[in-house]
Structures are given as structure tokens and as C-alpha cells.
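Here the structure is laid out as C-alpha cells; the discussion comes afterwards.
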Amino acid sequence: MASGMPIKVLVLDTQVYSNTGGQACTSGFISQIADMSPYGKAMKGKEEMRKEISLIGVAHRTSYVLQGSLSNITHLIEGYIDGLNSRRPALFNIYAVCQPEHGVADDATARQSKLAVESRAYPLMKFDPDAGETLEECIDLEGNPALEGDWPSYTLDYVDEHGKEAKLELPMTFADFAATEGRFRKHFRKAPPETWGDEMIPFHEFLDMDDDEREGNYPYIWGVDGKNRLMRILCSAEIVKSAEERRQFWHQLKSIAGELDKVDVDALVEQAKVDMANRLSSTLLSMAASGNAAALTGAVSANGSGAATAGSNSGTIAEGYEPVWIETPECTACDECTGINPKIFAYNDDKLAIVIDPQAGSYKDIVKAAEKCTAGCLHPGTPWNMGEKDVEKLIKRAAKFQ
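Residue numbers (full-length UniProt numbering): 1 to 402.
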């Protein structure tokens, strides 16, 4: 990488030394149990922070870097193409499931790769030095679910105490991922229902507590037993530490990419409109209470025409607007649209994509979802906000998917 020669390197990141019997290595997660990082009285799995080879590649500033996963095939293929076409060195760091060392089934590669990405254990990332001059311009985190939050959400299906099917919407934390793999097994313990109490705190809430608040409390995640009934699974202090480290790394990536605490301009505009309407209402009510009917009539006339003028240029809902729509029966559940913006797209009970709010995000997200839809069943419609950046370019990109 330092030489600048266009050498391409593929790394299969298993987080262990898979070729020498599964010894612990520097790319393993905190709390991971392996040879040379056992679980016992002296130590409880790996104690050191994971070394991020992708960031080491970024630090050279000379090379194209892809951190990808088989679970996000479009992101992976696009990264391969861009890296291979680059005249620079390229590092492809790919999450790889090592079944015997991870303690998962032989056919679990796709599922575990997906969980690793969704739980922030293994965020997706691209670094292209040719994309701009700043790190913010060069690093791309698109493809990660729920980019704006700490954890994505998922639906847990279970059977309640009356034998009826029910659902829980829960955050997908690092602990939820770790609980599915044998390499973290000793850090979890099922809590019998008769022991459930107020001192048990949902894992994601426990992470947000300070040390004093945590005292005397125990973190847990939800799971289901063999009969699909809810159960609480207690998590060790080491899993808490590992989840904190993964969340910190996610924040660091977002900070480098300019995504941390990103301002939602559309939300600010809408809030400004609400504030203005509230101030106007207060003024009119005050004038009415004082009996100043003439001034009130003038105010209504003046403010009414002014509001209409402002509204005509506000870029709220465009004339002739056609919302995005999906041929739901044709959906192949590829996770592309729901991953790009879960506020616009979601799955129904049949695991088929639907539109839940066509105005809950940018037209850019909608067009990108149409471009990545493997079934070609997503039709982007027209922009609801004609004031969006590069909207004319987006309309041209959307034309082929209408």
C-alpha cells in the first residue's frame, strides 16, 4: 500500500487464526473465547480491543479500501468493481464465517454475516482516495442499516402466555449477535421467569447508564425458547464492554464520514414552519382578546397572503407528485430498500417489501433503492420535494425504473 503499486489484496476476516487451530488474534472481538484467550477465573475471553485492518488501510491514504460482507452482495460487488478498476492498491477486507471456531452451523454463513453487519460488529465501509480531498468525502458508510442510530431494529416473533402469536420491536445490539454464536456462549445465562425483577434492565438501556446507575442491575436481551416463548438472557460484563467498544467504533466511523449528529435540514425547515404558525396564532389570539377587530382583520389579510406566498416557495409537496410504489408480490426480500431507509420501506407479515411512508426520507434514498432492487419491482415515482439537492439528476436516474 505504501508503494502505490496497483496490487489487490483480499482478506478473509474470521477474527481467529483459522489455519492454525483457531487461536485468538488481534482482529477478534472483546470477550471472544478461543485458544489462548480462554474463559476462566483469570480471564474471560479476549481482553484487547479489536484491530481494524480497514482503518490501517485508510491510514496509508494511498489505497482503495472495502470492508464488506456476503450478506450485502450489491455493496460487495460494487466495491470489488471499484477497487479492481482503481489504478491504486486495493484492500478488500471481507467478513468470513469460520463455522467451527465461531460455533455456528455449517449453513449459517449468510445469517451470521447479516447479523454481524446489523449489530455493528462489522460495519460496511468504502474508502476511495479519488472521491475527494477530505476523509469525509472519501469514506462511504452507505449500505449499513439505520445509519442515523446506534442500533438497527428487528422484529422478534413469539407466542404469549395465552398461546397467541405476538411481536416485539427490539434493537439489534452486539449482544443479540453474540448470543447466536458458540464463541461467546459462556457470557450468557438464561434467567428463569420466577427470577425476573426490576433489577433486570434491557441491554440497550443498560449501555446508556453510567456506572452508578448500573450498580445492582443486570443487563438482559430477549430471546425465545424451543416453544417460541419469551425468555430473558442475562449478559456478562465482558459482553457489555464489547458492545460499548463496537458502538464507539461505529461512532468513530460516522464521525470520520461526517455522519455523526448530521443535521436534518428538512426537519429543521418543518419545525421552523410550526414555530412560525404558533407565533402567528398567539399574536392573533392576543389581538382578538384586546378587541382590536380592525387590526385583527388586517393581520389576517396580510398574513394570509404572506403565508400563501411563502408556501408556494417552500418546497413542501410538489405539484403532480407521484409517490414511490412497489410491486409487492414480486419482492425477493433482498433487504436493499429496507436497509437504505427503513422509515420509507419495511416488510409486511409475509416478508415482502411495502412502502410505509413515501415522504420519510430523501428522493435520493428512493432512487438508490430502485437501482439496487434485485427484482426490479420498486418504482420511484417523482420527488415530493423539488428543492432537494441534485433533484434533476435524480429524476433522470429514476426514469428507467418508472
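Don't be surprised by glycine CBs; every beta carbon is placed ideally from N, CA and C.
All values derive from a computational prediction rather than experimental measurement.
query	result
Going by the CB atoms, is the gap between I94 and S69 shorter than 8 angstroms?	yes
Is it the case that the region 144-154 contacts the region 109-121, given that we only count it when at least three CB pairs across the two stretches are under 8 angstroms?	yes
Rounded to the nearest angstrom, how far is the Cβ of S27 from that of K51, given a contact under 8 angstroms?	6 angstroms
Hey, would you say F92 sits closer than 8 angstroms to L55, going by beta carbons?	no
If you draw a straight line from the C-alpha of S314 to the C-alpha of Y80, how long is it?	Legend: pLDDT at S314 = 42, less than 50; position of this residue unreliable, value from coordinates given subsequently. Using only the alpha carbons, I get a separation of about 42 angstroms.
Is it the case that the Cβ atoms of K164 and L156 are separated by a distance below 8 angstroms?	no
What's the gap between the Cα of I33 and the Cα of I317?	54 angstroms
Helix, strand or coil, according to DSSP, for F29 in the structure here?	coil
From I366, P38, E78 and I354, pick the residue whose C-alpha is nearest to that of N385; which is it?	I366
One question on the structure: do A370 and F345 come within less than 8 angstroms of each other, judged by their Cβ atoms?	no
Under 8 angstroms between the Cβ atoms of P89 and P6?	yes
Please classify L394 as buried or exposed, where buried requires at least 16 other C-beta atoms within 10 Å of its C-beta.	buried
Using a 10 Å radius around the Cβ and a threshold of 16 neighbouring Cβ atoms, would you call N348 buried or exposed?	exposed
Within this structure, are the beta carbons of F401 and P380 separated by less than 8 angstroms?	yes
With a CB to CB cut of under 6 angstroms and the five nearest residues on each side skipped, what residues in its chain are close to A24?	A34, M36, S37 and K46
Where do the N-terminal and C-terminal ends of the beta strand (DSSP E) with K190 fall, by residue?	F188 to A191
Under DSSP, the beta strand (DSSP E) around C235 begins and ends at which residues?	L230 to C235
Span of the beta strand (DSSP E) holding T382?	Neither: T382 is in no beta strand (DSSP E) and is coded neither H nor E.
Under a three-way DSSP split, which group does Y122 fall into?	coil
Going by other Cβ atoms of all chains shown within 10 Å of its Cβ, with 16 needed for buried, is D106 buried or exposed?	exposed
What is the residue span of the alpha helix (DSSP H) that I356 lies within?	Neither: I356 is in no alpha helix (DSSP H) and is coded neither H nor E.
Do G4 and N72 have their CB atoms nearer than 8 angstroms?	no
With C-beta atoms as the reference, is R61 less than 8 angstroms away from P129?	yes
Going by the beta-carbon positions, is the gap between T338 and A360 smaller than 8 angstroms?	no
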